[in-house]
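Colleague:
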Amino acid sequence: MKIFNKEHTLPQRDSKSINEQIPDGMWIACPICHQSIYRNELGTLKVCPECKYGFRLKARNRLALLTTNFTEINKDIMVEKTDFPGYADKLQRAKTTTQLNESVLTGIAIIDEQKVALGIMDSYFIMGSLGAKTGAKIAKLFDIATEQHLPVILFTASGGARMQEGINSLMQMAKVSAAIARHSEAGLLYISVLTDPTTGGVMASFAMQADIIVAEPHALIGFAGRRVIEQTLHEKLPADFQRAELLQTSGFLDAIIQRPELPTKLALLVRLNEVK
Amino acid sequence: MKIFKKELSPEQIVKLARVDRFTAQQLIDGIVDDFFELHGDRQNNDDCAIIGGLGYLAGRPVTVIAIDKGITFQEKVQKHNGSPLPSGYRKAQRLMQQAAKFNRPIITLINTPGAYPGKEAEELGQGQAIAESILQSMSLTVPIIAIIYGEGGSGGALALATADQVWMFEHSTYSVLSPEGFAAILWKDASRSDEAAQLLGLTPAELLNKGIIEKIVPEHKKVERLFEWLKQALVTELAQLMEQSSQELVENRRERFCKF
Ligand SMILES: [Zn+2]
Numbered sequence: 404m405k406i407f408n409k410e411h412t413l414p415q416r417d418s419k420s421i422n423e424q425i426p427d428g429m430w431i432a433c434p435i436c437h438q439s440i441y442r443n444e445l446g447t448l449k450v451c452p453e454c455k456y457g458f459r460l461k462a463r464n465r466l467a468l469l470t471t472n473f474t475e476i477n478k479d480i481m482v483e484k485t486d487f488p489g490y491a492d493k494l495q496r497a498k499t500t501t502q503l504n505e506s507v508l509t510g511i512a513i514i515d516e517q518k519v520a521l522g523i524m525d526s527y528f529i530m531g532s533l534g535a536k537t538g539a540k541i542a543k544l545f546d547i548a549t550e551q552h553l554p555v556i557l558f559t560a561s562g563g564a565r566m567q568e569g570i571n572s573l574m575q576m577a578k579v580s581a582a583i584a585r586h587s588e589a590g591l592l593y594i595s596v597l598t599d600p601t602t603g604g605v606m607a608s609f610a611m612q613a614d615i616i617v618a619e620p621h622a623l624i625g626f627a628g629r630r631v632i633e634q635t636l637h638e639k640l641p642a643d644f645q646r647a648e649l650l651q652t653s654g655f656l657d658a659i660i661q662r663p664e665l666p667t668k669l670a671l672l673v674r675l676n677e678v679k
Numbered sequence: 709m710k711i712f713k714k715e716l717s718p719e720q721i722v723k724l725a726r727v728d729r730f731t732a733q734q735l736i737d738g739i740v741d742d743f744f745e746l747h748g749d750r751q752n753n754d755d756c757a758i759i760g761g762l763g764y765l766a767g768r769p770v771t772v773i774a775i776d777k778g779i780t781f782q783e784k785v786q787k788h789n790g791s792p793l794p795s796g797y798r799k800a801q802r803l804m805q806q807a808a809k810f811n812r813p814i815i816t817l818i819n820t821p822g823a824y825p826g827k828e829a830e831e832l833g834q835g836q837a838i839a840e841s842i843l844q845s846m847s848l849t850v851p852i853i854a855i856i857y858g859e860g861g862s863g864g865a866l867a868l869a870t871a872d873q874v875w876m877f878e879h880s881t882y883s884v885l886s887p888e889g890f891a892a893i894l895w896k897d898a899s900r901s902d903e904a905a906q907l908l909g910l911t912p913a914e915l916l917n918k919g920i921i922e923k924i925v926p927e928h929k930k931v932e933r934l935f936e937w938l939k940q941a942l943v944t945e946l947a948q949l950m951e952q953s954s955q956e957l958v959e960n961r962r963e964r965f966c967k968f
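As given, the protein sequences belong to chains E and P, one line each in that order.
My numbering applies: residue 404 is where the first sequence begins, and numbers increase by one.
My numbering applies: residue 709 is where the second sequence begins, and numbers increase by one.
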């Protein structure tokens with residue numbers, strides 16, 4: 404049994420490392436502060452006791468931490484055209500791992516007595532990539548919220564585009580934006596909660612289009628990949644680069660909220676923004 | 709129209725799309741008269757990778773926003789080879805809002821490998837700038853026609869292509885990522901970019917077929933003929949778009965993207 408696994412000291416963006424972020428050993432290393440943590444210390448919230456980094460969660464596990472009152476919608480929306488080499492297998496594995504049919508879970512929830520349209524992206528589903536059906540589920544969530552006059556809370560987690568779907572993946576950034584524009588025109592509230600990692604096309608669209616943008620501690624948030632930037636500039640980037648704390652300092656986040664406080668703080672924001 | 713040219717393969721089109729066949733200024737001068745460039749994002753910078761301004765298209769005032777790669781080495785360095793900075797997208801937003809205020813149609817000319825992937829660009833909110841461009845475009849009350857005249861690289865291109873119509877030059881590409889990037893992810897081998905180009909479906913013909921774009925701009929050998937064709941097409945299409953009420957325009961634009 405490995406006591407301290409060096410491979411997990413840096414968060415990486417391929418799905419393999421995401422799936423292995425919490426390995427089976429008794430001790431694991433926090434990818435942010437590098438503390439070795441006794442597995443049980445992480446608790447159900449999966450938070451580093453030292454630096455408060457929230458480990459990556461599957462959408463259904465995150466849901467359980469937010470509410471027990473949830474009605475899932477559009478559960479059966481899924482990719483039908485899987486002719487891209489290897490895509491069908493990848494989807495099948497993702498479905499088994501996450502118990503989802505796409506990289507986002509959507510529904511109507513009550514969080515701390517507030518009724519909201521809730522979306523939770525899942526980085527364990529092909530890196531939370533933005534497929535056409537991911538876009539469809541999120542756009543429909545906004546449309547339903549617009550019809551029912553509900554605020555939207557969306558937890559983002561994504562490595563970016565779904566390259567197996569080519570240009571259609573790119574179009575989702577615009578499709579979801581259209582739904583957000585309609586929801587916003589109806590005077591309704593949209594809160595995005597940026598979780599580790601929120602990158603690429605998701606970051607460059609709906610993650611950054613909310614009325615209120617919050618993040619979990621130390622979440623990786625950025626448009627371009629770290630490696631691409633390092634290759635372009637021929638220099639190493641600092642450890643805090645593209646982390647939530649730095650984004651807040653430069654003015655792109657309203658707040659950083661620790662995982663245990665999310666339900667009460669999000670509900671408070673909903674109440675504070677109620678239109679009387 | 710008869711096409712005598714031999715059909716090009718996707719990888720040939722990728723190579724042609726990257727040749728600097730036109731500068732943005734050349735295209736602008738070919739389409740509009742009395743072009744007046746407007747500089748700056750009104751916050752802290754003037755990104756020269758984006759040229760914006762006003763001019764007359766066959767007598768009608770229009771706003772033109774163009775991404776330019778530059779020709780000389782110095783220009784390419786300054787313009788990051790057509791990779792806009794956040795300030796470039798913010799300049800574009802400012803000019804789009806101004807166009808809406810004065811009820812002027814917007815023409816965007818796109819040629820970019822993608823938004824600039826720099827440390828400072830990230831810190832200044834590259835993703836936020838693109839997100840905001842897309843969101844604002846979804847509510848603009850004037851017609852927007854986007855024309856890709858070289859590379860249409862990913863979100864950096866989409867930021868200026870959230871339009872009522874998207875057209876592509878015959879030898880241009882539009883894709884979610886570069887063939888090299890695609891090959892690197894898929895096969896861990898960037899040198900297999902030719903295969904990637906075939907899989908990506910990035911040619912104008914394929915994208916027209918999928919309904920991602922509305923028109924292919926034929927590239928006549930004589931640029932005057934190309935400009936004449938383009939000018940005529942813009943006049944015709946903008947006149948039709950201007951007939952829609954601003955509400956219809958916005959609804960139809962949103963609908964255009966909802967089908968994908
Ligand atoms: Zn830690």
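Where is the CB? At the ideal position from N, CA and C, for every residue including glycine.
Taking only beta-carbon positions, decide if Arg585(E) is within less than 9 Å of chain P.
Modeller: It does; some Cβ of chain P falls within 9 Å.
Colleague: Thr708(E) versus chain P: which residues are under 7 Å apart at the beta carbon?
Modeller: Lying outside 404 to 679, the shown extent of chain E, residue 708(E) is not represented and no answer is given.
Colleague: Arg463(E) lies in the alpha helix (DSSP H); which residues open and close that run?
Modeller: Per DSSP, Arg463(E) belongs to the alpha helix (DSSP H) from 462–469.
Colleague: Which stretch, first to last residue, makes up the alpha helix (DSSP H) that contains Ser845(P)?
Modeller: Taken as a continuous stretch (DSSP letters only), the alpha helix (DSSP H) holding Ser845(P) covers 834–845.
Colleague: Within 9 Å (strictly less), CB to CB, does Phe890(P) reach chain E?
Modeller: Cβ-Cβ to chain E under 9 Å: yes for Phe890(P).
Colleague: In chain order, what residues place their C-beta within less than 6 Å of a heavy atom belonging to ligand 1?
Modeller: Selection output, chain order preserved: Cys433(E), Ile435(E), Cys436(E), Gln438(E), Cys451(E), Glu453(E), Cys454(E), Tyr456(E).
Colleague: Quick check on the burial criterion: 16 or more other C-beta atoms within 10 angstroms. Buried or exposed for Phe458(E)?
Modeller: Answer is buried; the Cβ neighbour count reaches 16.
Colleague: Apart from the five residues just before and just after Gly863(P), which ones in its own chain have a Cβ nearer than 7 Å to its Cβ?
Modeller: So the qualifying residues of the chain are Ala823, Ile838.
Colleague: Residue ranges of each alpha helix (DSSP H) run of no fewer than 4 residues wholly in the region 767–850 of chain P, ordered along the chain?
Modeller: If we require 4 residues or more, the alpha helix (DSSP H) runs fully inside the region 767–850 of chain P come out as 781–786, 794–809, 827–831, 834–845.
Colleague: Could you tell me whether the Cβ atoms of Val943(P) and Leu934(P) are closer together than 9 Å?
Modeller: Not a contact, by the Cβ cut-off of 9 Å.
Colleague: May I ask you to list, following chain order, the residues of the region 730–761 of chain P that have a beta carbon less than 7 Å from some beta carbon of chain E?
Modeller: If the cut-off is 7 Å between Cβ atoms, the region 730–761 of chain P has nothing near chain E.
Colleague: List, from N- to C-terminal side, the beta strand (DSSP E) runs of 3 residues or more that fit wholly inside the region 501–578 of chain E.
Modeller: The qualifying runs are 507–514, 517–524, 555–561.
Colleague: With burial defined as no fewer than 16 other Cβ atoms inside 10 Å of the residue's Cβ, what is the status of Thr509(E): buried or exposed?
Modeller: Buried: at least 16 other Cβ atoms inside 10 Å.
Colleague: If you count every other CB in all the chains shown that lies within 10 Å of the CB of Leu671(E), and 16 or more means buried, which is it?
Modeller: That one is exposed.
Colleague: Between Arg662(E) and chain P, is there a C-beta pair that is closer than 9 Å?
Modeller: It does not: the Cβ of Arg662(E) has no partner Cβ on chain P nearer than 9 Å.
Colleague: Below 8 Å, can you find three or more Cβ-Cβ pairs linking the region 849–869 of chain P to the region 627–645 of chain E?
Modeller: No, because fewer than three Cβ pairs between the region 849–869 of chain P and the region 627–645 of chain E fall closer than 8 Å, the two stretches do not touch.
Colleague: Check each candidate in Leu466(E), Gln645(E), Tyr441(E) and name the one with the smallest Cα separation from Arg397(E).
Modeller: Limits of chain E in this structure are 404 at one end and 679 at the other, which puts residue 397(E) out of reach.
Colleague: By how many angstroms is the C-alpha of Asn504(E) removed from the C-alpha of Asp479(E)?
Modeller: About 7 Å.
Colleague: Looking only at its own chain, which residues have a Cβ that is under 6 Å from the Cβ of Asn571(E), when we skip the five neighbours before and after it?
Modeller: Hits under 6 Å: Ala535.
Colleague: Can you name the residues that DSSP bridges to Val617(E)?
Modeller: Partner(s): Val596(E), Ala658(E).
Colleague: Do Ser883(P) and Gly909(P) have their beta-carbon atoms positioned less than 9 Å apart in this structure?
Modeller: Taking 9 Å as the Cβ cut-off, Gly909(P) and Ser883(P) qualify as a contacting pair.
Colleague: Using a Cβ distance threshold of 8 Å, determine whether the region 824–835 of chain P contacts the region 530–545 of chain E, with at least three qualifying pairs required.
Modeller: With the cut-off at 8 Å, the region 824–835 of chain P and the region 530–545 of chain E do not touch.
Colleague: If we ignore side chains and look at the alpha-carbon of each, how far apart do Val931(P) and Ser845(P) end up?
Modeller: Computed Cα separation, rounded: 30 Å.
Colleague: Compare the C-beta of Pro414(E) against all C-beta atoms of chain P and say whether one is closer than 9 Å.
Modeller: Note on Pro414(E): pLDDT 36, under 50, position unreliable in the model; no value is reported.
Colleague: Grab the span of the alpha helix (DSSP H) containing Lys723(P) for me, first residue to last.
Modeller: Its alpha helix (DSSP H) spans residues 718–726.
Colleague: Applying the criterion that 16 or more other CB atoms from any shown protein chain within 10 Å of the CB defines a buried residue, is Pro434(E) buried or exposed?
Modeller: With 16 or more other Cβ atoms within 10 Å, it is buried.
Colleague: Confirm, please, whether the CB-CB distance from Ser886(P) to Pro821(P) is below 9 Å.
Modeller: Yes, Cβ-Cβ distance for Pro821(P) and Ser886(P) is below 9 Å.
Colleague: Could you tell me if Lys896(P) is buried or exposed, where buried requires 16 or more neighbouring beta carbons within 10 angstroms of its beta carbon?
Modeller: The residue in question, Lys896(P), is exposed, as its Cβ has fewer than 16 Cβ neighbours within 10 Å.
Colleague: What residues in the region 550–565 of chain E have a beta carbon less than 9 Å from any beta carbon of chain P?
Modeller: Per Cβ criterion, the list reads Gly563, Ala564, Arg565.
Colleague: Please confirm if Phe407(E) has its CB atom under 9 Å from at least one CB of chain P.
Modeller: With a pLDDT of 35 at Phe407(E), under the threshold of 50, the modelled position of this residue cannot be trusted; read the value that follows with caution. Phe407(E) does not count as touching chain P.
Colleague: Quick one: list the residues of chain E neighbouring Leu908(P), beta-carbon separation under 9 Å, in chain order.
Modeller: Simply Met566, Gly569, Ile570.
Colleague: Give the DSSP-derived three-state secondary structure of Leu916(P) in the structure shown.
Modeller: Looking at Leu916(P) - three-state DSSP - the assignment turns out to be helix.
Colleague: Taking 9 Å as the CB-CB limit, is Ala905(P) close to chain E?
Modeller: It does not; no Cβ of chain E falls within 9 Å.
Colleague: Apart from the five residues on each side of it in sequence, which residues of its chain come closer than 8 Å, Cβ to Cβ, to Lys476(E)?
Modeller: Residue 476(E) is actually Ile in this sequence, not Lys. Excluding residues within five positions, the ones whose Cβ falls inside 8 Å are Thr509, Gly510, Ile511, Lys543, Leu544, Ile547.
Colleague: For Tyr456(E), is the classification buried or exposed, using 16 other Cβ atoms within 10 angstroms of its Cβ as the cut-off for buried?
Modeller: Buried: at least 16 other Cβ atoms inside 10 Å.
Colleague: Which ranges does the alpha helix (DSSP H) cover as unbroken runs of at least 4 residues, wholly within the region 430–490 of chain E, from first to last along the chain?
Modeller: Correct list: 462–469.
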